[in-house]
Amino acid sequence: MEPLMSPIGASRLFWVRLAVNLWAWRENSYIRAARWNILQRGRIESG
463 MEPLMSPIGA
473 SRLFWVRLAV
483 NLWAWRENSY
493 IRAARWNILQ
503 RGRIESG
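Under the working numbering, the letters of the sequence shown match residues 463 to 509, in that order.
Written out as C-alpha cells, the structure is:
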C-alpha cells in the first residue's frame, strides 16, 4: 500500500483531475455554444 501523498501518487492524482477538468470544461463549452445557437436561431425566426 503506497502512501497517498507519495510523489507518484500525487502527480497521478493531479493529472487525473486535470484531465477531468479539461473534459468537463469542453463539454460545458459545447453545451453553452449549442444553447446559444438555439437561442439565436429562435430570436432570428421570431424577429
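Where a beta carbon is used, it is the ideal one built from N, C-alpha and C, also for glycine.
Start and end residues, alpha helix (DSSP H) containing residue i
{"i": "Ser508", "result": "469 to 508"}
Rounded straight-line distance, which links the Cα of residue j to that of residue i
{"i": "Tyr492", "j": "Ile500", "result": "12 Å"}
{"i": "Gly504", "j": "Ala486", "result": "27 Å"}
{"i": "Glu507", "j": "Arg479", "result": "42 Å"}
{"i": "Ser473", "j": "Arg497", "result": "36 Å"}
{"i": "Glu489", "j": "Ala481", "result": "12 Å"}
{"i": "Asn483", "j": "Ser468", "result": "22 Å"}
{"i": "Ala495", "j": "Leu475", "result": "30 Å"}
{"i": "Ile470", "j": "Trp477", "result": "11 Å"}
Any non-hydrogen atom of the ligand MG within 7 Å of residue i CB
{"i": "Ser473", "result": "This structure lacks the ligand MG; in fact it carries no ligand of any kind."}
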